[in-house]
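Participant:
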Amino acid sequence: MSPTNPIEIFKQEAQELLAQLEATLLDLDCTPDDPDLIDAAFRALHTIKGSGAMFGFEAAAAFTHHVETVFDQIRQGKARLTRDLIAVALRARDHMRLLIERPEKADPAAEEALLAALHDSLSPGEAVPVVPCEAAGERVWRVSMRLPRDAMINGTNPLLLVDELRSLGESIVTPVTDTIPRLQEIDPSACYMAWEITLKTSKPRSEIEDVFIFVRDEMELEIALAETSCEDAQGKPDAQEPTPSGPAEETLSEREPPEAPAPQGEADAHATPAEQQRVRRETTKNHASIRVPADRLDELMDRVGELVITQSRLKQIAASSSDQQVRAVAEEIERLALELRDTTMGIRMVPIGSLFGRFRRVVHDLSRDLGKEVELIMEGEETELDKTVVEQLNDPLVHLIRNSIDHGIEKPADRIASGKAPAGQITLSARHAGTEVHITIIDDGRGLNRDRIRARAIERGLISADGALSDAELFQVVFLPGFSTVSEVTNLSGRGVGMDVVKRTIEALRGRIELSSMPNRGAKVTLRLPLTLAIIDGLLVRVGDARYVLPLAAIEECVELPADDKGGSRGCSFLNIRGELVPFLRLRELFAAKTPPDRYQKVVVVAAGDLKAGLVVDQVIGNHQTVIKSLSKLHAGIEMFSGATILGDGAVALILDIPHLVQFGQIAEEQLRAAA
Amino acid sequence: MPKTILAVDDSASMRQMIKLTLRNAGYDVIEAADGQEGLSQARRAKIHMILTDLNMPVMDGMVFIRELRKSPAYTGIPIVFVTTESDAEKKSQAKAAGATAWITKPFQPEQLVAVAKKVLGE
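Protein sequences, first through last, are from chains A and B. Counting in the working numbering, the first sequence runs from 3 upward without gaps. Counting in the working numbering, the second sequence runs from 658 upward without gaps.
1) Leaving out five residues on either side along the sequence, give the residues of the same chain with a beta carbon under 8 Å from the beta carbon of A/R363.
2) Please list the segments of the beta strand (DSSP E) lying wholly inside the segment 359-415 of chain A, counting only runs of 3 or more residues, in order along the chain.
3) With DSSP as the reference, identify every bridge partner of A/Q627, one or two as the case may be.
4) With 8 Å as the C-beta to C-beta threshold (strictly closer), list the residues of the segment 754-765 of chain B near chain A in chain order.
5) Please name the residues in the segment 43-57 of chain A whose beta-carbon is closer than 9 Å to at least one beta-carbon of chain B, in chain order.
6) Would you decide whether A/L338 is buried or exposed? Buried here means 16 or more other CB atoms lie within 10 Å of its CB.
7) Which residues, taken in chain order from the segment 582-611 of chain A, show a beta carbon closer than 7 Å to some beta carbon of chain B?
8) Checking contacts by CB at 7 Å: is A/A204 closer than that to chain B?
9) Using a Cβ cut-off of 7 Å, which residues of the segment 699-718 of chain B contact any Cβ in chain A, in chain order?
10) Using a Cβ-Cβ distance under 7 Å, would A/T26 count as near chain B?
11) Using a Cβ cut-off of 7 Å (strictly closer), state whether A/G382 contacts chain B.
12) What residue from A/I640, A/E559, A/T647 has the CA that sits closest to A/H662's CA?
13) Secondary structure at A/N578, three-state DSSP: helix, strand or coil?
14) Of all the beta strand (DSSP E) runs that stay within the bounds of the segment 604-674 of chain A, which reach a length of 3 or more residues?
15) Write down the C-beta distance between A/I88 and A/L19 rounded to the nearest angstrom, noting that I regard them as a contact closer than 8 Å.
16) If you draw a straight line from the alpha carbon of A/A415 to that of A/H366, how long is it in whole angstroms?
17) Check whether the segment 574-593 of chain A and the segment 623-637 of chain A touch, using three or more Cβ-Cβ pairs below 8 Å as the test.
18) Between which two residues does the beta strand (DSSP E) harbouring B/L686 extend?
19) Whose CA, out of A/T200, A/A108, A/K202, A/D219, lies closest to the CA of A/L149?
20) Hey, how far is the Cα of A/I515 from the Cα of A/A457?
21) Taking all protein chains shown into account, decide if A/P521 is buried (16 or more other Cβ within 10 angstroms of its Cβ) or exposed.
22) Taking 7 Å as the CB-CB cut-off, is A/P661 touching chain B?
23) Expressed to the nearest angstrom, what Euclidean distance is found between the alpha-carbon atoms of A/K596 and A/F477?
24) First and last residue of the beta strand (DSSP E) that includes A/G524?
25) Looking at the unbroken alpha helix (DSSP H) that takes in A/V11, where does it start and where does it end?
26) Just list the residues that DSSP pairs A/G426 with in beta bridges.
27) Would B/S668 count as contacting chain A if we go by Cβ distances under 7 Å?
28) Do you know how far the Cα of A/R433 is from the Cα of A/D547?
29) In chain B, what lies closer than 8 Å to A/S191 by C-beta?
30) Kindly identify the DSSP beta-bridge partner or partners of B/I662.
31) Would you say A/I11 faces chain B, with C-beta separation under 7 Å as the test?
32) How far does the alpha helix (DSSP H) with A/F485 in it extend, from its first residue to its last?
33) Report the neighbours of A/E220 on chain B: residues whose CB is nearer than 8 Å to its CB, in chain order.
34) Based on the DSSP secondary-structure assignment, which residues constitute the bridge partners of B/I721?
35) Counting only C-beta atoms, is A/T200 closer than 7 Å to chain B at any point?
36) Under 7 Å between the Cβ atoms of A/L658 and A/Y550?
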């Protein structure tokens, strides 16, 4: 797939235009009479049609043409845009996308239905021009041409036209010079002359006309069949094909435009200033960016990763060298490598708004289907996230939003009954928080139904019937595989993607998901995601003779392990940090280190959410730029580690998965308590 | 010396297609994404022909053509605009603005070359 291939570029472009079209249509759903929006929709359709036909997407172009016609009518005030029409147009947009991206999947019956729906709303009158064909035979034509005065200024070279005529056959060209003014009155760029040409050709009349295709509307042109007798008189003895049609019919003055355009509105000619301003803004934004295939970015990130690894090797070598110059260069390279890393990661950042935009459609369609009124509020669309993360967030977010509409938001009547506004609200927001991005989905619906969740969880054997669970614990049950409170799976939420899949996806992104709910006030889902997946700042530690990396963002502090705790052989015990009891895990025991322990053990205190844990290590080595390499599928089940990295000396260090370790610490703590 | 054609279109795919086609036919092609950019590009080099879309943001093709024709420097330079079958009224407007010729979308690469050859006289 070459990025310079126009067809690929077109596909990308079409995707953007279709996204734009969708957004415009959804905006129109709120303000159906906004002429700027109608114009924008029309323009998007127009471009899809035009370019589509150019690049061989005839079916898409033909289909788009019908939708375009409808919007053209609306634009000219000949038709009104209704909400039903918008719904049809949205479906038509989806069909266009299908026709462009996977034409083999397009269903002709669905297309018919869409067209019928469109035609129901409007009746476009479309006349197909019929191109007449003429029989060929060598005939003699008399062509008389006079160009408008400004023809030459406008780039037409009359001599080229004459030459072109002569290329059609044997000809005699006579210039008509009587309209040339006196020298002092001549405008050198004006065209004063006319020409009479006698042309003998087997080419049809249409081909002679074609010579003047670009000027015939403005020029005086007569094309007539010369009389046979006239032909003979001029001394052309060649036998002529008898002309079947009457000559009178063949003569016509070409002053009229060929396609007789209807005197329609000039909506195109002058856009409103507001529109122009908006367009200008959009374009300035476009100008500042260039298009790069995503895999090249991935490649760049890989290279930078390799560079960072090599650089840490250099750093290690330089550190053991006494050569000041080598050290200076190594430091300089370290600085540059880090800057390069930051820049590269910056390139990969995309605003999450592009993703959020898609959900307007989900909300629109779903609330329509369910007879609910839902308003989607989006905040923090400019928040940037690594593009891989953004791509992977689509499905989980769609699922969460579906859940909110399907299970959370009540029908208007129920809402009024419980003293709420008839239209529900879903707030989708994103914001930066340290090295994380927090995405929240808040709805003002009925909230999670504790009793139903509990009953279902017991029924499914996920919890025991007698255990008392806090809200937070109970809500965690929702994320277990095989949990679903809807007895009858609706075709909306129950698409085989349960909350367990959502959780798994988020965790695969090294993120976490939290759920809270207030009865009758609504539910809130928070996704906490790391800014990037590729390279992190890590803390390198040693346990036994192996080294491990802890994500720096999760680290609270490092303290020395008090001497009296050293002898402990239990997996977990407590540390008093400024009055707070923190459970700690001896990684030596956990990882079964065989070498004798260091004399002074260190505790690295890490946090995951509200929970803290201490990790006892032999040595804290220092900061490390960690290029994350994911573990192979074989090792995907190992929860202690989230990945691996390559160190400066070529050794592999595993990256500890802090949330799991913290959880592990908490569980161990509970077991200890229970045992005590 | 190959002749230079300035291609103005807001669609990157169209520009790419035009560029490839005309370069294959032996022309030099410079590009611009809208009329405004087109004007500044036109000033930068000696242009033999301009190919422009009509429907463009910032400065549409119609204004672009009018602006070009205002300057004596572009008198007589062929301006070809890209249009669609449904744009009949635009065609005459563009002609009135000073365009030389047009090409109707969708077009085949050969058609584009033919139009260029026609207005450039080759």
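Every residue gets a Cβ at the ideal spot worked out from N, C-alpha and C, and that includes glycine.
Facilitator: Well, looking at it:
1) Taking the first sequence and counting its residues from 1, the one referred to as residue 363 of chain A is at position 361. Within the same chain, A/R363 has close Cβ partners E24, L28, L92.
2) Those beta strand (DSSP E) runs which fall completely within the segment 359-415 of chain A and span 3+ residues are 376-381, 386-388.
3) Counting from one through the first sequence, the residue named residue 627 of chain A turns up at place 625. DSSP output for A/Q627 lists A/D539 as bridge partner(s).
4) Against chain A - using a Cβ distance shorter than 8 Å - the residues of the segment 754-765 of chain B are G755, A756, T757, A758, W759, K762, P763, F764.
5) So the list reads R45, H48, T49, K51, G52, S53, G54, A55, M56, F57, given in the order they occur along the chain.
6) Position 336 of the first sequence holds residue 338 of chain A. Around the C-beta of A/L338, fewer than 16 other C-beta atoms lie within 10 Å, and the residue is accordingly described as exposed.
7) Going along the segment 582-611 of chain A in chain order, one finds no residue with a Cβ nearer than 7 Å to chain B.
8) Locating residue 204 of chain A in the first sequence gives position 202, where the first residue counts as 1. Looking at the sequence shown, residue 204 of chain A is not Ala but Ser. Chain B contact via Cβ: absent.
9) Sequence-ordered contacts of the segment 699-718 of chain B with chain A read N712, P714, V715 [C-beta pairs closer than 7 Å].
10) Mapped onto the first sequence, residue 26 of chain A falls at position 24. It does not: the Cβ of A/T26 has no partner Cβ on chain B nearer than 7 Å.
11) Along the first sequence, read from residue 1 onward, the residue named residue 382 of chain A stands at position 380. Taking Cβ atoms only, chain B never reaches closer than 7 Å to A/G382, which makes this a no.
12) For this step, residue 662 of chain A is matched to residue 660 along the first sequence. If we check each option's Cα against that of A/H662, A/I640 comes out closest.
13) By 1-based counting over the first sequence, the position of residue 578 of chain A is 576. Looking at A/N578 - three-state DSSP - the assignment turns out to be strand.
14) Within the segment 604-674 of chain A, the complete beta strand (DSSP E) runs of at least 3 residues are 604-610, 613-619, 621-629, 643-648, 654-658.
15) Mapped onto the first sequence, residue 88 of chain A falls at position 86. Mapped onto the first sequence, residue 19 of chain A falls at position 17. With a Cβ gap of about 17 Å, A/I88 and A/L19 do not count as contacting.
16) For the purposes of this step, residue 415 of chain A is taken as residue 413 along the first sequence, with counting starting at 1. For the purposes of this step, residue 366 of chain A is taken as residue 364 along the first sequence, with counting starting at 1. Rounded to whole angstroms, A/A415 to A/H366 spans 19 Å at the Cα level.
17) In short, these stretches do not touch, since the Cβ pair count stays below three.
18) Taking the first residue of the second sequence as position 1, residue 686 of chain B is located at position 29. According to the sequence provided, residue 686 of chain B is Val. The question's Leu does not apply to it. Secondary structure note for B/V686: its beta strand (DSSP E) is the uninterrupted segment 685-689.
19) Start at 1 with the first residue of the first sequence, and residue 149 of chain A comes out as number 147. Here the closest residue by C-alpha is A/D219.
20) For the purposes of this step, residue 515 of chain A is identified with residue 513 of the first sequence, where counting begins at 1. For the purposes of this step, residue 457 of chain A is identified with residue 455 of the first sequence, where counting begins at 1. So the alpha carbons of these two residues sit roughly 23 Å apart.
21) For the purposes of this step, residue 521 of chain A is taken as the residue at position 519 of the first sequence. Around the beta carbon of A/P521, a 10 Å sphere encloses fewer than 16 other beta carbons of the protein chains shown; the residue is thus reported as exposed.
22) Indexing the first sequence from 1 puts residue 661 of chain A at position 659. Using a Cβ-Cβ cut-off of 7 Å, A/P661 does not count as an interface residue toward chain B, since no Cβ of chain B sits closer than that to its own.
23) As a working mapping, residue 596 of chain A is identified with position 594 in the first sequence. As a working mapping, residue 477 of chain A is identified with position 475 in the first sequence. So the two alpha carbons sit approximately 41 Å from each other.
24) In the first sequence, counting from the first residue as 1, residue 524 of chain A sits at position 522. DSSP places A/G524 inside the beta strand (DSSP E), whose first and last residues are 524-532.
25) Along the first sequence, read from residue 1 onward, the residue named residue 11 of chain A stands at position 9. With the sequence shown as reference, residue 11 of chain A is identified as Ile, and Val is not the correct amino acid for it. From DSSP, the alpha helix (DSSP H) with A/I11 extends over 8-32.
26) The residue you call residue 426 of chain A lines up with position 424 of the first sequence. As DSSP reads the structure, A/G426 sits in a beta bridge with A/V376.
27) For the purposes of this step, residue 668 of chain B is identified with residue 11 of the second sequence, where counting begins at 1. Cβ-Cβ to chain A under 7 Å: yes for B/S668.
28) As a working mapping, residue 547 of chain A is identified with position 545 in the first sequence. As a working mapping, residue 433 of chain A is identified with position 431 in the first sequence. When the Cα atoms are used, A/D547 and A/R433 turn out to be separated by approximately 40 Å.
29) In the first sequence, the residue the question calls residue 191 of chain A occupies position 189. For A/S191, the C-beta contacts it makes with chain B under 8 Å involve T732, G733, in order along the chain.
30) Numbered from its first residue, the second sequence carries residue 662 of chain B at position 5. DSSP, once it has assigned bridges, lists B/V686, B/M706 as partnering B/I662.
31) The sequence position of residue 11 of chain A within the first sequence is 9, counting from 1. Yes, its Cβ sits closer than 7 Å to a Cβ of chain B.
32) Sequence index remark: in the first sequence, residue 485 of chain A carries index 483 (1-based). It is not in any alpha helix (DSSP H) - A/F485 carries neither H nor E in the DSSP assignment.
33) Within the first sequence, the letter at position 218 stands for residue 220 of chain A. For the C-beta of A/E220, the chain B residues within less than 8 Å are, from N- to C-terminus, K752.
34) As a working mapping, residue 721 of chain B is identified with position 64 in the second sequence. Note on residue identity: the sequence assigns Phe, not Ile, to residue 721 of chain B. According to DSSP, B/F721 shares a beta bridge with no other residue.
35) Within the first sequence, numbered from 1, the residue matching residue 200 of chain A stands at position 198. By this cut-off, A/T200 is not an interface position.
36) Within the first sequence, numbered from 1, the residue matching residue 658 of chain A stands at position 656. Within the first sequence, numbered from 1, the residue matching residue 550 of chain A stands at position 548. Yes, Cβ-Cβ distance for A/L658 and A/Y550 is below 7 Å.
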